[in-house]
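Notes follow once the structure below has been shown.
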Amino acid sequence: MQHPRIAWAAAATLGLLAASFALPNADTTRAFPRASGADGERFSLEHWTLDASETRGRKVYETWCIGCHGEQGLGDGPSAEWLDPRPRNFQSGRFKFRSSPSGEFPLLDDVVHVISCGLNGSAMRSFPLMPEKEKHDVARYVLALAEFGMMEGEVNELIDDDGMSLQEVLDEEYEDIFLDNMELAWEDVWPVGMEQRPEMDEDSVERGKALYEAQCVACHGATGVGDGDSSFHLRDWKDAVVVPRDFTTGVFRAGSSAQDVFLRLRTGLNGTPMPAVSGSDDDLWDLTHYILSLAPSESDKSVHPMSCDAHGAAR
Ligand code: HEC
Ligand code: HEC
-4 MQHPRIAWAA
6 AATLGLLAAS
16 FALPNADTTR
26 AFPRASGADG
36 ERFSLEHWTL
46 DASETRGRKV
56 YETWCIGCHG
66 EQGLGDGPSA
76 EWLDPRPRNF
86 QSGRFKFRSS
96 PSGEFPLLDD
106 VVHVISCGLN
116 GSAMRSFPLM
126 PEKEKHDVAR
136 YVLALAEFGM
146 MEGEVNELID
156 DDGMSLQEVL
166 DEEYEDIFLD
176 NMELAWEDVW
186 PVGMEQRPEM
196 DEDSVERGKA
206 LYEAQCVACH
216 GATGVGDGDS
226 SFHLRDWKDA
236 VVVPRDFTTG
246 VFRAGSSAQD
256 VFLRLRTGLN
266 GTPMPAVSGS
276 DDDLWDLTHY
286 ILSLAPSESD
296 KSVHPMSCDA
306 HGAAR
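Quick note on this note's numbering: the sequence shown kicks off at -4 and runs consecutively.
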C-alpha cells in the first residue's frame, strides 16, 4: 500500500523536506512539528501534525468515538471501564481485524470496514449511516494516532534520558526517527493473498476437521465452543482475560462470511493469543469450511441482505 506518509518519506529522502512540505497524495501541506519552548516540554499529541483529511477525521472522532476510545485514543474514554473487551488503544498500534500480515498495521480499508460493520459481540458499534468520506477521514485519524504512538516514546526518551530539549530533538533527531518509524510501520502493509474459494463440500469440511483437531482444539475445544484445555489461561497483551471464540454460535466479531474467517486465520489477531495460521490457502479454506459447518444451519438465512456479512464477498 502506498501510504501518504511513505510518499512523504520518499520526498524527505530526496531532500525536499522543509519547515513545511507538500504531501503528494493529500490536498494540503503538513507542517513540521514545532516546540512551544515551554520549560520541560515533552513530545505530545498536540505536536503531531495532521493533514486535511486527518483534521476532519479528528472532528468525527471527537463526536463519535471519544467516549470509548478516549481523548488521545488510548482506549480510556469515560465509558471504557464498563466494557469487556475494552475499547482499542490506537496508540498501541495493535489492530486485531486486518487483511495485512500478522503483527502489521491494518490497511486503511480494514479500519473503514470495522467502522462500517462494527465488531459483533463487543461495544464497538457499526456506523452504517456515516458518509464514506467521514469514515475514511476518521480511519486516517485512527492510523495517525497509531503512528504518533510509535514516535512518542522514542522522542521523549531523548528528552528524559539524554537531557535534550524538545526543540533540539526536533532540529537534530526527529527526521531520522520519523523516517525509520514510518518505514517500519508501513513497508510490510499489504493485503495477504487469497486464492479462489473452493466449494464447501463434505470432503473440504472433513479435511478442515483434521486440521482443526491438530491445531485448534487446545484453545477452541473439541466441539468448538471455546473450552479447550488452554482456554482458561489466555490473556491479551494488556493481561486482560480473553476467551477463544465459540464457533457454534455462528457469530464472529469481524464478520462471518467465509472471506472474513479466512482473513482472521491467515493474519491472526494482533495482541491476542489467536495466532496467524500457516498452511496453504486450500488448508485455510478447509479450516474455514469446518468452522462454518459448526454454526447453526439457519445462521445463513438470518443474514440481512443489507448487513456487512452479506457483503463479505465484495471486500
Ligand atoms: C461504545 C463504545 C465504542 C465507541 C463509541 C466506538 N468504539 Fe471502537 N471499539 C470499541 C471496543 C470495545 C473495541 C474493541 C473490540 C475488540 O477488542 O474486539 C473497539 C475497537 C475498535 C477498533 C479496532 C479494530 C481492530 O482491528 O482491532 C477500531 C479501528 C475502532 N474501534 C474504531 C472506532 C471509531 C473510528 C469509532 C468512532 C467512529 C469508534 N470505534 C467508536 C468500542 C467503541
Ligand atoms: C493459543 C490459543 C488459540 C489457538 C491455538 C487458536 N485460537 Fe482462535 N482464537 C483464540 C482467542 C483467544 C480468540 C479470541 C480473540 C479475541 O476475541 O480477541 C480466537 C478467535 C478466533 C476466531 C474469531 C475471529 C472473529 O472474527 O471473531 C477464529 C475464526 C479462530 N480463532 C479460529 C481458529 C482456528 C481455525 C485455529 C486453529 C488453526 C485457532 N483459532 C487456534 C485463541 C486461539
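Quick reminder that beta carbons are idealized off the backbone N, C-alpha and C, glycines included.
Boundaries (first-last residue) of the alpha helix (DSSP H) holding residue i
| i | result |
| --- | --- |
| A47 | 47 to 59 |
| L279 | 276 to 288 |
| V109 | 103 to 112 |
| V133 | 127 to 157 |
| K204 | 197 to 210 |
| N176 | 169 to 181 |
| F257 | 253 to 262 |
Contacting residues, own chain, Cβ-Cβ under 7 Å from residue i (five flanking each side not counted)
| i | result |
| --- | --- |
| S94 | L102, D105, P186, V187, L258, T262 |
| S292 | none |
| V246 | N115, G116 |
| D224 | A213 |
Cβ neighbours of residue i in the same chain (closer than 6 Å, five flanking residues each side left out)
| i | result |
| --- | --- |
| P80 | S117 |
| R83 | G70 |
| S48 | D132, R135 |
| T267 | D231, V237 |
| G65 | D71, G72 |
| A271 | S97, T262, G263 |
| D276 | E190 |
Closest Cα partner of residue i within the set the options
| i | options | result |
| --- | --- | --- |
| A205 | E49, N84, T218 | T218 |
| E142 | D196, D155, W280, F85 | F85 |
| T50 | H131, P270, S275, P123 | H131 |
| L287 | H64, C60, G274, A253 | A253 |
| M311 | K233, S275, D276, L260 | Outside the shown range of the chain, which is -4 to 310, sits residue 311, and nothing can be said about it. |
| E197 | S273, N265, D281, F247 | D281 |
| V184 | A75, D231, E99, F92 | E99 |
| R240 | F122, D222, C63, C303 | D222 |
| G88 | M125, R230, A271, W181 | W181 |
| H215 | S199, V237, M195, K54 | V237 |
| E57 | E76, E129, W77 | E129 |
| G52 | A75, L140, E41, E76 | L140 |
| S199 | K54, D278, C303, V55 | D278 |
| C303 | V55, S273, D255 | D255 |
Closer than 7 Å: residue i CB and nearest ligand 4 heavy atom
| i | result |
| --- | --- |
| V272 | For ligand 4, the structure offers nothing, since it holds only ligand 1 and ligand 2. |
Inter-residue Cα distance where the pair is residue i and residue j
| i | j | result |
| --- | --- | --- |
| F90 | H284 | 25 Å |
| I154 | G72 | 28 Å |
| H228 | V109 | 28 Å |
| N170 | S226 | It should be pointed out that residue 170 corresponds to Glu in this sequence rather than to Asn. Each residue's Cα considered, the two are about 45 Å apart. |
| G250 | C112 | 8 Å |
| K233 | P96 | 21 Å |
| A21 | D46 | With a pLDDT of 32 at A21, under the threshold of 50, the modelled position of that residue is not reliable, and the figure given next carries that caveat. Using only the alpha carbons, I get a separation of about 7 Å. |
| A60 | F27 | The amino acid occupying residue 60 in the given sequence is Cys; Ala does not appear at that position. Distance between the alpha carbons of C60 and F27 is about 27 Å. |
| M318 | C211 | Nothing in the structure corresponds to residue 318, since the chain is present only between -4 and 310. |
| C63 | E201 | 42 Å |
| L264 | F92 | 6 Å |
| L124 | L138 | 22 Å |
| S31 | D166 | 13 Å |
| R25 | E41 | With a pLDDT of 47 at R25, under the threshold of 50, the modelled position of that residue is not reliable, and the figure given next carries that caveat. Cα to Cα, the separation comes out at about 14 Å. |
| G144 | M195 | 42 Å |
| S121 | D156 | 43 Å |
| Q67 | P126 | 23 Å |
Chain-order list of residues whose beta-carbon lies under 8 Å from that of residue i (same chain, five-residue window excluded)
| i | result |
| --- | --- |
| M146 | F38, W43, I172, F173, N176 |
| A290 | F242, T243, T244, G245, S251 |
| L78 | C63, S117, A118 |
Contact the segment 107 to 121 vs the segment 30 to 44: 3+ CB pairs below 8 Å = no
query = Contact between the segment 136 to 152 and the segment 160 to 174: three or more CB pairs below 8 Å?
reply = yes
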